[in-house]
Amino acid sequence: MLLVTALIASLAASAAPETPAAGKGAANNFARSADEREGALDSFTNTGTDDPAALLKHLQQEIYVSQQLAILTQFRLDYSDRIRLSTEYVNSDGELIPTHVFTPVKASTVRRPAVVMVHGGFHERLEPSWFPLIEAVVEAGYVVLFPEYRGSRGYGDAIYQNDYGNTDVADVLAAARYAATRPDIDGGRIGILGQSRGGMVTLLAIERAPKQFKAAVDIVGLTDFVAYMSYKPDYRRKEIAETNPSFKGKLPHENLPAYINVSPINFVDKIEAPVLVLATSGDKIVPHTIHTGRLIDALKANGKVHEAKIYDEAPGGHVFMKGATPERDDALKRIVAWFNRWMGPAR
19 MLLVTALIAS LAASAAPETP AAGKGAANNF ARSADEREGA LDSFTNTGTD DPAALLKHLQ
79 QEIYVSQQLA ILTQFRLDYS DRIRLSTEYV NSDGELIPTH VFTPVKASTV RRPAVVMVHG
139 GFHERLEPSW FPLIEAVVEA GYVVLFPEYR GSRGYGDAIY QNDYGNTDVA DVLAAARYAA
199 TRPDIDGGRI GILGQSRGGM VTLLAIERAP KQFKAAVDIV GLTDFVAYMS YKPDYRRKEI
259 AETNPSFKGK LPHENLPAYI NVSPINFVDK IEAPVLVLAT SGDKIVPHTI HTGRLIDALK
319 ANGKVHEAKI YDEAPGGHVF MKGATPERDD ALKRIVAWFN RWMGPAR
């Protein structure tokens with residue numbers, strides 16, 4: 019690890035030359051072609067380049083892949099006696115999306131209900147803090163699907179590319195459609211759960227495909243992207259605007275419709291699934307007075323079936339679900355009870 023860290027530091031310190039590197043050649047930037055005709059070519063990173071910036075990018079992706087393999091191995095070591103893990107590649111608009119499927123080891127003669135779980139973060143992915151929630155839901159008799167939607171890290175450049183509220187939602191809906199085709203899943207009993215950005219994606223999913231899900235859980239979800247961009251540091255705002263194609267490099271005051279379109283607070287009237295909302299006061303990433311509180315008001319105003327629990331200063335704030343705390347344990351019980359209420363009994 020020290021060697022890898024030193025290599026990254028060395029490469030980062032080497033500024034990319036203004037002209038293409040000699041020898042093996044400079045990097046190609048990974049990009050998807052907008053040309054849909056057969057024979058139109060995509061551009062990929064040149065793994066044989068001697069350009070320092072390209073080498074750093076390639077090394078970074080390789081590290082992400084190694085980390086993800088280690089996380090999957092850790093899950094299998096810890097839970098293989100009761101939970102089976104497989105990874106399927108689900109078609110979403112022609113892209114293959116890695117989707118982890120967690121099923122009870124104990125066989126069942128009936129088709130089980132399923133829950134699609136959606137992680138948060140800018141380039142996050144499945145990691146160990148999700149294990150207790152996956153365990154609780156699977157042991158209650160559900161199949162869990164965990165799509166690594168576009169924007170996730172650990173699966174190379176194609177999946178790493180990001181587009182808030184668009185490709186992520188499309189990939190999650192594709193995972194739900196895939197779930198409905200599996201012979202071990204009851205396609206009429208599919209729920210969805212998301213945390214942080216995943217909560218935003220969950221809400222957008224039940225708004226854009228209201229018939230797809232029987233129940234939903236939003237945990238500290240981002241509900242208003244315009245508001246979110248108003249309080250983030252300038253460097254973060256710039257990064258989000260420039261790396262998400264739908265925003266076209268523009269901030270909300272320059273391209274407001276794009277940000278409104280990915281803000282679930284604006285489309286609550288479309289929701290049909292019962293929604294459980296979980297959050298905490300003291301959240302410094304997605305303040306509940308700006309996001310969750312307004313969502314609850316909108317659910318009430320639109321007559322939507324919902325329940326909410328706002329914990330009082332839960333340890334960890336925005337990431338309270340990561341802690342071995344009474345609040346996390348209470349949330350796990352509420353989540354399982356919510357899915358049992360609207361999709362159960364699971365067994």
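Heads up, the sequence shown is in the working numbering, so the first residue is 19 and it goes up one at a time. Ideal Cβ positions, reconstructed from N, Cα and C, are used throughout, including at glycine. As the structure is a computational prediction, the values presented were derived from the model and not from experiment.
In DSSP terms, what residue i is bridged to
| i | result |
| --- | --- |
| E225 | None; E225 has no bridge partner. |
| Q79 | Per DSSP, none; premise fails for Q79. |
| S110 | E113 |
| S104 | V119 |
| A154 | According to DSSP, which records beta bridges pairwise, A154 is partnered with nothing at all. |
| L294 | V235, E325 |
Euclidean distance between Cα positions of residue i and residue j
| i | j | result |
| --- | --- | --- |
| P201 | G212 | 25 Å |
| L21 | K75 | Because L21 carries a pLDDT of 41, less than 50, the predicted location of this residue cannot be relied on, and the following value inherits that uncertainty. Rounded to whole angstroms, L21 to K75 spans 17 Å at the Cα level. |
| W356 | G267 | 40 Å |
| Y234 | G209 | Per the sequence presented here, residue 234 reads as Ala, with Tyr not at that position. Rounded to whole angstroms, A234 to G209 spans 6 Å at the Cα level. |
| V244 | H306 | 15 Å |
| F93 | F149 | 7 Å |
| I89 | L95 | 10 Å |
| G239 | L221 | 8 Å |
| H271 | F120 | 43 Å |
| T105 | P165 | 9 Å |
| Q230 | V134 | 11 Å |
| R312 | I303 | 16 Å |
| G41 | D68 | Confidence is the limiting factor: at G41 the pLDDT is only 40, short of 50, which leaves the residue's position unreliable, though a coordinate-based value still follows. Going by the C-alpha atoms only, they are around 7 Å apart. |
| L114 | L103 | 18 Å |
| S264 | N320 | 29 Å |
| F140 | N262 | 11 Å |
| K288 | P282 | 10 Å |
| T127 | Q86 | 33 Å |
| A71 | D175 | 15 Å |
| I152 | N358 | 15 Å |
| D53 | D60 | 9 Å |
| D111 | A188 | 8 Å |
| I81 | D315 | 43 Å |
| G205 | M361 | 11 Å |
| N64 | S51 | 17 Å |
| V337 | T343 | 12 Å |
| Y196 | G159 | 19 Å |
| L191 | N284 | 20 Å |
| V162 | Q79 | 27 Å |
| Y173 | Y107 | 11 Å |
| D330 | D301 | 10 Å |
| P8 | E290 | Because the chain in this structure spans residues 19 to 365, residue 8 falls outside the shown range and cannot be described. |
| A276 | E260 | 13 Å |
Residue i, enclosing beta strand (DSSP E) - first and last residue
| i | result |
| --- | --- |
| A326 | 324 to 329 |
| M135 | 130 to 136 |
| D315 | Not the beta strand (DSSP E): D315 falls in the alpha helix (DSSP H), residues 310 to 319. |
| Q213 | 203 to 213 |
Beta carbon of residue i nearer than 8 Å to that of residue j
| i | j | result |
| --- | --- | --- |
| V286 | K250 | no |
| T117 | A193 | yes |
| R207 | P131 | yes |
| V155 | I101 | no |
| R143 | R168 | no |
| G341 | G335 | no |
| N184 | V280 | yes |
| E345 | A326 | no |
| R352 | L296 | yes |
| G138 | S214 | yes |
| L317 | H309 | no |
| V136 | V219 | yes |
| H217 | D186 | His is not the amino acid found at residue 217; the sequence shown has Gly there. Contact flag unset, no. |
| T298 | I278 | no |
| M339 | S147 | yes |
| L269 | R254 | no |
| Y178 | I258 | no |
First through last residue of the alpha helix (DSSP H) which encompasses residue i
| i | result |
| --- | --- |
| V244 | 243 to 249 |
| P275 | 274 to 279 |
| R352 | 344 to 361 |
| D186 | 185 to 199 |
| D175 | 175 to 178 |
Residue i in three-state terms, based on DSSP
| i | result |
| --- | --- |
| V123 | coil |
| R94 | helix |
| V162 | strand |
| T67 | coil |
| T261 | helix |
| L87 | helix |
| R254 | helix |
| L59 | coil |
| D287 | helix |
| K268 | coil |
| L240 | coil |
| K340 | helix |
Any C-beta of chain D under 8 Å from that of residue i
| i | result |
| --- | --- |
| S264 | Included in the structure is just one protein chain, with no chain D present. |
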